[in-house]
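Reviewing the structure listed below.
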Amino acid sequence: MALETQRITPADEPVADKRQAEHLQPGVTLVNRYLIQGIVGIGGMGAVYSARDLHFPNVFKRVAVKEMVNMARDPTIHDTIVHNFEREANILATLDHPSIPRIYDYFSHEQRSYLILEFIDGKDLEAILNESEGFLPEAQVVSWALELCDVLNYLHNIRPQPVIFRDMKPSNIMLNTHGHIMLVDFGIAKTFQTGQKGTMIGTEGYSPPEQYKGEATPLADIYSLGATLHHLLTQRDPRLEPPFSFGERMIRTINPAVSVEMESVVYTALQYNPTERFQSAKKMQEALLNSAKKTGLFNEVPTASATVKTDLAGSAKALWKFECEDEIRGSPLYHDGILYIGSYDNNLYALQAATGEFAWKYATDGGVVSRPATYEGNIYFGSEDKRLHCVSARSGKVVWTYQTNGPIRSSPVVSDGHIFIGSDDAFLHVINALSGRRAWRVDAGAQVRSTPCIHIDNVFFGNEVGDLFCVNLGGNTRWRFKAKRAITSSPIYSDGVVFAGSVDTMLYALDAKTGYILWRFRMGRATISTPCIFENYVFTGSVDNNIYCIELHSAKEVWSFATDNQVTGSPIIYKDSLICGSVDGSIYCLEYRTGRLRWRFPTRGAITGTAVIANETLYFGSTDHFVYAIVI
Amino acid sequence: MISRIKQLLTRKPAEQTLHSSEIETAPLQNILVDTDKLTPTHKPELLLESQRLELPQFIIGCGHSVGKQRDHNEDALFTLTTNLIADDTQIPFGLYIIADGMGGHQHGEIASSVAVRTLASVVVQKIYLSFMGLSESQNEESIQEILQEGVIQAHHEINTKAEGGGTTLTAALIMGDMMTIAHVGDSRAYILYSDGIRETLTHDHTLVKRLEELGQITADEAAVHPQRNVLYRALGQGEPFHPDIATFPLPHSCHLLICSDGLWGVVPEKHLLRLVNAAANPQQACQSLTDAANNAGGPDNITVILVRLPD
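Chains as they are written, first to last, in this note's numbering: chain A, 104 to 735; chain B, 1459 to 1769.
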């Protein structure tokens, strides 16, 4: 049985009286018939026990015993409560529906009243929600919803007076061992709530707005069912959110796999104004059936998420594409009408951004995986050949190279006439941009693949054992933060805060002055994507396939969007769109405030780098060897 | 909340041109710096000698009054202000908490006291001591997680020590250049600027506020609504819940005001601002704020913390 979760505060009772409720011990027999076996749950009003019915000596007949403690001291109030309890128990005893536990017996003894009920072996939906990793499949939720509508329809049509369930929520819905739903914890317990003090909690997440006026109608049950379905489909507990805020958490924004039809049914049930909801459980059930027919939900195995997205996807056309001789895993740089991009074929390419026409290429002795930088007419980039190369932007002729002792996967950053770049030789190197001579370097103790971030006189960068350093422009460490695993992602500075993702699955927000963790956000798997900050949002990608949008100050997830493979590149914002590639081969364009898909553009390889936008054209590379230019 | 923080962010702190190590002495009393004179045309040397001698530090005041119509005070407050100046860095630390208890039979008093003590001790133990300590080991938990843990722990303590009691809880934690606010209920935190601009940092967890946001009732209706005291989130009441927690850059040249509804529900916001700006120091300001609430009838307990944030 589910717990009774209401907490009662009698207005006029001293503390000591509330403490009287001691639980029945195993072995105690009630009315010579029910042998208590143990406690199944404890609530504010008493406990629920499992017991054996001794009237069946030859078989083990298990029953649930629900105990309610009458805390009223005034004899008149006490008697009224007992009277109400018995009246309600009589109504419930007549109920006959497969989704309602049978009531076998009831009795009151001194300050306690007992209900003897059918014992339900199973799990409540709250537990199922808590245990499930991802979202519950829509078809599953719809089949429960149909059964719930059925039982509500039954209750609301009881004559002379409809029975209002009043407390529809996941923890009051049990799933029995046959996979069918059972409604538990009827409003009967509410008759025990005398003199509840009114200055405190007004609403719970599942209750309709009219309940603060004290109205309980069948339409209130419809609203609560809508709220329950919202919770089941989105995994967002309404008790943690402001009341009546379901419209601010659109189902399909959180879980895009849900059909438009299902979303619309839930929001009709959740209408603020009762007259705009389904006017009966029967009507809601019909709407659910219709939506299931339309989406073919019961005709196929529910693995619809990928197909839904493809259907929605609009198209974007390639302006041009350019083929390299090997994979492109890095990111392009746009500068002055030219696109610069490295490839695993060891070359850095310079292409006319408008036409894709080849301008020049420059060969290194290793793959080029990072994003080039530009300064004073030169292009700077690192290579697997362990060198930082400086070549003329115009001619592609070498100006100088700088040797490190390890492959370079970090991208160069230019500041104050110096190039800052990490290397697998475990150093952060600072090189004079004109002369190619080292100004200083700092020993990071492990490979530096993260691109340094420079803010005034602080340099932030991570290493492959999880340290994030803040060094000053003399190379002295100001602070060092330690994550559990590598920080390959490049730190970003914004308003006194440094953001960096780690392979330990966290996105960290650190106080730039002290290195203290202000907040951290956990993703499903590692992140090596560089966060992107825009307005009050942080966007980042994760190896768990998602693109995340997180509120900058409160660390709350605003939305996440699931691609079909890892997201290792970084999102960029352009106008009101977010653009990000995925290892699934597509580049995605989402509405950045909601995470809704605008379009996706598929390539034949993985997209691991970060795109760039110039002149309303989007440029990126793919492991299918092509550089793409798309007009957006 | 987002738009409010956005507004805050647009106010850039005054340019920090000096390292604290360059400053040799500092007066202990507050010197009021005329911000109008701090124009870019002034040379840094001039600022050093004549105007920027003080160390940037918090000056605080607080007020606590039973009001005129209640016989006991169910509010509680906590303040802690420290400065760490060492190793070429200067890191101010401040923790300011207000709780407004409710529930009758002393449960409100117990609830607010338990809330304030629990949160303060969690923050002092888990953040302050580790922060001021020399040990290399760092906290694995973030400041936001520790604050949340403190609030949830306070919630559980109330459930055991003051069953049935409930309380609001509004806390500001300032460390270095960042401020984190943790909030449950309808006490409020404001930032007040001398030019008359005010920002509300907290969002009331009241049913009436929610109905007003949804356009179901007007602000005027809300002010006299019979259920205006009904909170949909409070410590000691209902489960589960998350406090509102947000971190943002510390504003400069302004006041941080934290108060219970015994102040903001009685004295109009623009008067709060005027009284704060008219007072010579935060202590005096707190006196005039509580006086103003009492003069307006003092229907509820009045609790206020005022922090002058440095330029």
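Just so it is clear, CB atoms sit at the ideal spot from N, CA and C, and this is done for glycine as well.
Unbroken alpha helix (DSSP H) runs of no fewer than 4 residues, entirely contained in the segment 209-268 of chain A, are found at 228-234 and 241-259, following chain order. Partner residues in the beta bridge of Trp463(A), as assigned by DSSP, are Ala453(A).
For Gly1608(B), no CB of chain A lies under 8 Å from its own CB, so it is not counted at the interface with that chain. For Ala549(A), the closest of Gly509(A), Tyr695(A), Cys556(A) and Leu576(A) by C-alpha to C-alpha distance is Gly509(A).
In its chain, beyond the 5 residues on either side, Arg155 have a beta carbon closer than 8 Å to the beta carbon of Phe163(A). For Lys616(A), the chain B residues whose Cβ falls inside 9 Å of its Cβ are Thr1547, Ile1549, Met1633, Gly1634, Asp1635 and Met1636, in order along the chain. Using a Cβ-Cβ cut-off of 7 Å, Arg1668(B) is close to Pro345, Pro346 and Phe347 of chain A, given in chain order. Ile690(A) is the residue among Ile219(A), Asn718(A) and Ile690(A) whose C-alpha sits nearest the C-alpha of Ile710(A).
Proximity of chain B to Arg623(A) at the Cβ level (cut-off 7 Å) is accounted for by Ser1600, in chain order.
The residues Thr132, Asn135, Arg136, Tyr137 and Leu138, in chain order, have a CB closer than 8 Å to that of Leu157(A) in the same chain once the five nearest residues on each side in sequence are set aside. The alpha carbon of Cys1717(B) has as its nearest neighbour, out of Ala1573(B), Thr1658(B) and Asn1753(B), the alpha carbon of Thr1658(B). Looking only at Thr608(A), Gly433(A) and Val287(A), the smallest Cα-Cα distance to Ser514(A) is reached by Gly433(A). Between Ala589(A) and Glu567(A), the CB-CB gap stays under 8 Å. Residues of the same chain with a CB within less than 7 Å of the CB of Val1574(B), apart from the 5 flanking positions on each side, are Ala1534, Leu1535, Phe1536, Ile1555 and Ala1557 in chain order.
The Cβ of His656(A) sits closer than 8 Å to at least one Cβ of chain B. With a contact defined as Cβ atoms closer than 8 Å, Thr1705(B) and Met1636(B) qualify at about 6 Å.
From the beta-carbon of Asp560(A), no residue of chain B is found nearer than 9 Å; the closest lies around 11 Å away. Scanning its chain for C-beta atoms nearer than 8 Å, with the 5 sequence neighbours on each side dropped, one finds around Leu335(A) the residues Leu228, Leu232, Leu239, Val244, Trp247 and Pro273, in chain order.
The Cβ neighbour count for Lys616(A), taken over all protein chains shown within 10 Å, is at least 16; the residue is labelled buried.
The shortest C-alpha to C-alpha distance from Tyr447(A) to any of Arg512(A), Gly399(A), Trp463(A) and Arg703(A) is the one to Arg512(A). In this structure Gly1623(B) does not touch Gly1552(B) by the C-beta definition: roughly 28 Å separates them, more than the 8 Å allowed. With at least 16 other beta carbons inside 10 angstroms of its own, Ala1620(B) counts as buried. Only buried fits Asn173(A), as 16 or more other CB atoms lie within 10 angstroms of its CB. Residue pairing by DSSP places Met277(A) opposite Asp227(A) and Met285(A) in a beta bridge.
Secondary structure of Val734(A) (DSSP, three-state): strand. Secondary structure note for Ala1534(B): its beta strand (DSSP E) is the uninterrupted segment Asp1533 to Ala1544.
When Cβ-Cβ separations below 8 Å define contact, Gly599(A) makes contact with chain B. Residue Gly1755(B) holds the alpha-carbon nearest to the alpha-carbon of Leu1721(B) among Pro1709(B), His1683(B), Thr1576(B) and Gly1755(B). When DSSP states are grouped into helix, strand and coil, Leu1764(B) belongs to the strand group. When Cβ-Cβ separations below 8 Å define contact, Arg342(A) makes contact with chain B.
For the segment 1698-1727 of chain B, the beta-carbon criterion of a distance under 9 Å to any beta-carbon of chain A is satisfied by Pro1698, Phe1699, His1700, Asp1702, Ile1703, Ala1704, Thr1705, Phe1706, Pro1707 and Leu1708. Rounded to whole angstroms, the gap between the alpha carbons of Ala167(A) and Asp253(A) is 24 Å. The CB of Tyr315(A) comes closer than 8 Å to the CB of Leu1665, Gln1685 and Val1688 in chain B, given here in chain order.
Under the 8 Å criterion on CB atoms, Tyr619(A) is classed as interfacial with respect to chain B. Cβ proximity to chain B below 8 Å picks out Tyr375 from the segment 367-380 of chain A. Judged by DSSP in its simplified three-state form, Asp324(A) adopts helix.
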